[in-house]
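What follows is a single structure, written as structure tokens, with notes after it.
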Amino acid sequence: DQQVKQNSPSLSVQEGRISILNCDYTNSMFDYFLWYKKYPAEGPTFLISISSIKDKNEDGRFTVFLNKSAKHLSLHIVPSQPGDSAVYFCAAGTTNFGNEKLTFGTGTRLTIIP
Amino acid sequence: NAGVTQTPKFQVLKTGQSMTLQCAQDMNHNSMYWYRQDPGMGLRLIYYSASEGTTDKGEVPNGYNVSRLNKREFSLRLESAAPSQTSVYFCASSVDAPPGSYTFGSGTRLTVV
């Protein structure tokens, strides 16, 4: 049972435009969410996170939106740059002490077209 | 540079062979993890260790064993490799707060023939 789903395996966006990556989850116990970015032959790197007490978190060009009622989150990248081309993983977890492990989605490959 | 170091980076095994993937972190993190990445499957947790001396199964533990040798090191062992274990393996470590602050290693690409 896939508890964290990224239904779009790939996405292509023109440079300078907005990239929107989507993620859905099924486990209502999840109370924090993260996005990781992965380049080929490298490990994933942390990008941005959001707690369930918020509905939006911004960090420069990256904004994550959380809709708890729909169990949906999205990552917006504005403006998109060629260096943003990578695989993006959505992840979710709970803040129960001693249970820090994350559940990851299947990833979305973002390609920025110059 | 501080971080998570995995060895080896590449490995080819024959079916039935055994091997140990090594992972070490120098950030004084309590928690360490082993994930595998397969096409269309994302990152799936194999085993994790919330602290030195403790280990727990993740989503896909069958065919693997782990050892948390000390706070720095967390190894993953394949006792009898199978083609289904062909994958890219990532080790990660994290602080307890904020939640989910994982630092990943660069991965081990394992092929079992």
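Protein sequences, first through last, are from chains A and B. Quick note: to get our numbering, add 61 to the position in the first sequence (first position is 1). Quick note: to get our numbering, add 6 to the position in the second sequence (first position is 1). Even glycine gets a Cβ: it sits at the ideal position worked out from N, Cα and C. Source: prediction; values computed, not measured.
Given B:K63 as reference, the closest of B:Q23, B:I52 and B:A56 once Cα atoms are compared: B:I52
Which same chain residues end up closer than 8 Å to B:M113 when comparing Cβ atoms and leaving out the 5 residues on each side of it in sequence? Met is not the amino acid found at residue 113 of chain B; the sequence shown has Gly there. Cβ neighbours of B:G113 beyond the five flanking positions: Q12, K15, Q43, V94, Y95 and F96.
Looking at chain B, is there any beta carbon in it that lies within less than 9 Å of the beta carbon of A:A147? no
Just checking: is the beta-carbon of A:Y86 within a distance shorter than 9 Å of some beta-carbon in chain B? no
Taking a contact to mean a Cβ-Cβ separation below 9 Å, would you say A:F123 touches A:L134 in this structure? no
Check whether chain A comes within 9 Å of B:V10, counting only Cβ atoms and requiring the distance to be less than that. yes
Could you tell me whether the Cβ of B:Y108 comes closer than 9 Å to any Cβ of chain A? yes
Of all the CB atoms in chain A, is at least one closer than 9 Å to the CB of B:R50? yes
Under a three-way DSSP split, which group does B:S107 fall into? coil
Enumerate, from N- to C-terminal direction, the unbroken beta strand (DSSP E) stretches of 3 or more residues contained entirely within the segment 114–152 of chain A. 117–120, 123–128 and 133–138
Using the beta-carbon count (16 or more within 10 Å), is A:K162 buried or exposed? buried
In terms of alpha-carbon separation, which member of A:Y86, A:I81, A:S69 and A:A131 lies closest to A:G154? A:Y86
Going by the DSSP bridge assignment, what does B:M33 pair with across the sheet? Its beta-bridge partners do not exist; DSSP assigns none.
Taking Cβ positions only, does B:S93 come closer than 9 Å to chain A? no
Just checking my contact of A:V65 with A:G168 at CB under 8 Å: how many whole Å lie between their CB atoms? The Cβ separation is near 11 Å, so there is no contact.
Whole angstroms are fine: how far does the CA of A:L72 sit from the CA of A:I79? 11 Å
Could you check the C-alpha separation between B:M25 and B:R83 for me, to the nearest Å? 6 Å
In whole angstroms, what is the alpha-carbon distance linking B:K20 and B:R115? 14 Å
List the endpoints of the continuous beta strand (DSSP E) containing A:K98. Y93 to K99
C-beta atoms of B:A98 and A:G104 nearer than 9 Å: yes
Near B:T92, which residues of its chain fall below 8 Å by C-beta distance, leaving aside the five closest residues on each side in sequence? L116, T117 and V118
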